[in-house]
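Student:
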Amino acid sequence: MDINQIKTLLERYSMGTCSAEEKRIIEKWLAETENSKAFTYDDDFISEQLVISKTQIDSRLKITAIKPRPKYNWLAAAASALFVISAGAIIYASYLRKHTSQQLANQPHVEKQVINGWVYIKTSKGITDQVKLPDGSIITLDAATIIRYPQKFTNHKRPVYLDEGEALFEVAKDKTSPFTVYTNKFATTALGTAFNIRSYAKEHKVSISLIHGKIRIDDLHPTHKVNTSNILLPHEQIVLNKLSGNLVKSSFKEETPVIAWKSGVLNFSNASMDEVINTIENRFNVTIINNSKRTNWSYTGDFKDEQLADILKIVCLTEGVSYTTNKNSITLK
36 MDINQIKTLL ERYSMGTCSA EEKRIIEKWL AETENSKAFT YDDDFISEQL
86 VISKTQIDSR LKITAIKPRP KYNWLAAAAS ALFVISAGAI IYASYLRKHT
136 SQQLANQPHV EKQVINGWVY IKTSKGITDQ VKLPDGSIIT LDAATIIRYP
186 QKFTNHKRPV YLDEGEALFE VAKDKTSPFT VYTNKFATTA LGTAFNIRSY
236 AKEHKVSISL IHGKIRIDDL HPTHKVNTSN ILLPHEQIVL NKLSGNLVKS
286 SFKEETPVIA WKSGVLNFSN ASMDEVINTI ENRFNVTIIN NSKRTNWSYT
336 GDFKDEQLAD ILKIVCLTEG VSYTTNKNSI TLK
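Read in order, the letters of the sequence shown are residues 36 to 368 in our numbering.
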């Protein structure tokens with residue numbers, strides 16, 4: 036099997052026209068190497084690996100061959116082995132490029148759909164994602180987040196809907212086309228800036244934090260007819276308490292805690308019970324049930340590389356509760 040044959044097989048696999056046996060071999064290899072990184076290999080490297088692989092297969096056939104086999108089966112076995120050994124890395128790289136939004140079955144994944152000209156993206160618990168919009172803007176999505184936006188921006192408008200979760204928006208500059216992010220409560224508009232929005236249904240607050248640039252925040256459901264807009268400057272934020280309806284504007288010195296989640300860091304500052312629980316659930320893809328009587332939390336702490344068990348021990352010790360685990364379910368007592 037030469038390089039052109041491998042490339043032809045890859046193309047057939049990507050188009051869904053390869054045989055059932057070829058598909059089984061490819062997907063078996065993918066399942067065994069799901070944690071590998073994708074690399075780009077040149078033709079010289081592939082040729083070298085083909086020679087090595089053929090030598091190994093020839094040797095194996097001479098040792099194990101007991102009786103003649105039909106020519107087709109020998110060639111099929113050799114081709115399959117050569118493909119797995121020599122082309123596996125290329126298949127995996129191709130798979131990642133064509134299916135960057137998907138993980139293998141039973142693993143956390145990113146759902147991406149295009150319906151009537153709109154792109155819908157949903158991240159599951161335990162996974163983040165990054166997308167580039169048609170205008171060049173970049174959105175980094177936290178776990179358990181849902182967004183939607185048009186395939187093509189028109190009429191000098193750039194609307195994005197954050198239906199659930201948390202996302203960091205790095206907006207491409209375009210003074211003629213305002214960039215607006217809509218949540219259930221607010222419309223946040225910018226011409227060119229970076230800002231973070233956290234709006235989970237399970238949490239009792241919504242926060243919008245400006246990293247750099249300038250944004251205008253409009254209340255879509257104001258309780259009063261005046262003061263429905265807020266202008267934020269760098270390192271300013273507004274936080275809405277959904278229970279009381281209070282809207283507080285404040286400033287922060289360091290932007291790191293605001294976007295720490297992007298680097299995999301859990302950062303809590305006077306966090307409520309629902310905020311702590313929801314964050315841990317989303318990061319580790321677990322379910323936490325609080326059966327304790329302690330619900331008035333105000334937790335502060337950082338976690339970078341700690342395991343789930345270590346985080347639970349520290350949080351529970353601080354809040355004066357205990358916990359038990361049952362598979363992916365955690366109960367606080």
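Note that beta-carbon positions come from the ideal geometry of N, C-alpha and C, so glycine has one too.
Whose C-alpha, out of I232, D309, S364 and Y196, is nearest the C-alpha of V274?
Tutor: I232
Student: Taking the alpha helix (DSSP H) that T211 falls in, what are its first and last residues?
Tutor: DSSP places T211 in no alpha helix (DSSP H); its state is neither H nor E.
Student: Do you know offhand how far K277's Cα is from P213's?
Tutor: 27 Å
Student: Tell me whether V166 sits in a helix, a strand or coil according to DSSP, three-state version.
Tutor: Correct three-state label for V166: strand.
Student: From which residue to which residue does the alpha helix (DSSP H) around I349 run?
Tutor: L343 to E354
Student: For W153, list the residues DSSP reports as bridge partners.
Tutor: In DSSP, W153 forms a bridge with I150 and P185.
Student: Among P269, G227 and F319, which one has its Cα closest to the Cα of D340?
Tutor: Nearest option by C-alpha distance: F319.
Student: Just to confirm, is the Cβ distance from F230 to S242 under 8 Å?
Tutor: no
Student: Considering only residues of the same chain and omitting the five flanking positions on each side of S304, which have a CB-CB separation below 6 Å?
Tutor: T335
Student: Determine the DSSP secondary structure at I294, reduced to helix, strand or coil.
Tutor: coil
Student: For L117, count neighbouring Cβ atoms within 10 angstroms of its own Cβ and tell me buried if that reaches 16, exposed if not.
Tutor: Because the pLDDT at L117 is just 44, under 50, the model does not fix this residue reliably, and the value given afterwards should be weighed accordingly. Under this definition L117 is a buried residue.
Student: Where does N361 fall in DSSP's three states?
Tutor: strand
Student: Tell whether a beta-carbon distance below 8 Å holds between W153 and P185.
Tutor: Taking 8 Å as the cut-off, the Cβ atoms of W153 and P185 count as close.
Student: Say whether the region 214-229 touches the region 342-360, bearing in mind that this needs 3 or more beta-carbon pairs closer than 8 Å, one atom from each stretch.
Tutor: no
Student: Applying the 10 Å Cβ sphere with the 16-neighbour rule, what's the burial state of S172?
Tutor: buried
Student: Over what stretch of residues does the alpha helix (DSSP H) that includes T322 continue unbroken?
Tutor: Segment T322 to N325 is the beta strand (DSSP E) holding T322; no alpha helix (DSSP H) there.
Student: For Q148, count the other beta carbons within 10 Å of its own beta carbon; 16 or more makes it buried, fewer makes it exposed. Which is it?
Tutor: With fewer than 16 Cβ atoms within 10 Å of its Cβ, Q148 is classed as exposed.
Student: Comparing the CB of E290 with every heavy atom of the ligand ADP, is any distance shorter than 7 Å?
Tutor: Among the components of this structure there are no ligands whatsoever, and the ligand ADP is therefore not found.
Student: Excluding five sequence neighbours on each side, which residues of the same chain lie with their C-beta closer than 7 Å to the C-beta of D170?
Tutor: Counting only Cβ-Cβ distances below 7 Å, and skipping sequence neighbours, we find F188, R193, A207 and D209.
Student: Near N363, what residues of its chain come up, given a Cβ to Cβ distance below 8 Å and the 5 sequence neighbours on each side ignored?
Tutor: N320, V321 and T322
Student: Quick one: using the 10 Å Cβ neighbour count with 16 as the cut-off for buried, is L301 buried or exposed?
Tutor: buried
Student: Compare the beta carbon distance of E316 and K220 with 8 Å and say whether it is the shorter of the two.
Tutor: no
Student: Is the Cβ-Cβ distance between T158 and V145 less than 8 Å?
Tutor: yes
Student: Taking all protein chains shown into account, do 16 or more other C-beta atoms lie within 10 angstroms of the C-beta of A179, making it buried, or fewer, making it exposed?
Tutor: That one is buried.
Student: Give me the Cα-Cα distance between D253 and T223, rounded to the nearest whole angstrom.
Tutor: 6 Å
Student: Could you tell me which of K240, A225, I182 and L282 sits nearest to H191, measuring between CA atoms?
Tutor: A225
Student: Rounded C-beta distance between T175 and L203? I'm assuming under 8 Å.
Tutor: 4 Å
Student: Whole angstroms is fine: what's the gap from S307's alpha carbon to K240's?
Tutor: 10 Å
Student: S264 and R251 look like a contact to me (Cβ under 8 Å); what is the Cβ gap, rounded to whole Å?
Tutor: 6 Å
Student: DSSP on A225, reduced to helix/strand/coil?
Tutor: strand
Student: For Y155, which residues in the same chain have their Cβ closer than 6 Å to its Cβ, ignoring the five residues on either side in sequence?
Tutor: Q148 and R183
Student: Quick check on the burial criterion: 16 or more other C-beta atoms within 10 angstroms. Buried or exposed for T314?
Tutor: buried
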